[in-house]
Amino acid sequence: MTSRPLHEQTGISKNAYSMLQYLQRIARGDRNFIMQDTLLNHRCNVSPNNDFTLILELFDAGKIDFDYSMVDGFQQRHVRLA
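The sequence shown runs 1310 to 1391 under our numbering.
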């Protein structure tokens, strides 16, 4: 009996799973940890930084949630673990 890879078990792509693992590692169990979405893309080598496909995949799978804030009149989206 072969077991399925972890990313298949969670229902997300391999790249999205790598991003989730990175976010879990730097959050260190802190459920209040947030990071700007473009910074997360940059640190996970997503190119271009404004390609939010992996982040939206994690959101649709219920793995992350979004927080929004206004900075200098511009809305910023932050990612946190669900």
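Every residue gets a Cβ at the ideal spot worked out from N, C-alpha and C, and that includes glycine.
For clarity, every value in this text was computed on a predicted model and none was experimentally measured.
The residues Phe-1342 and Leu-1390, in chain order, have a CB closer than 7 Å to that of Ala-1336 in the same chain once the five nearest residues on each side in sequence are set aside. Minimum Cα-Cα distance from Arg-1352 among the listed residues Arg-1313, Leu-1329 and His-1316 corresponds to Leu-1329. Around the Cβ of Lys-1372, a 10 Å sphere holds 16 or more other Cβ atoms; the residue is buried. Judged by DSSP in its simplified three-state form, Asp-1369 adopts helix. Shown here for Asn-1359: same chain residues with a beta carbon closer than 8 Å to its own, the five before and five after excluded, namely Thr-1347 and Asn-1350 in chain order. Taking C-beta atoms as the reference points, His-1387 and Asp-1376 count as a pair closer than 8 Å.
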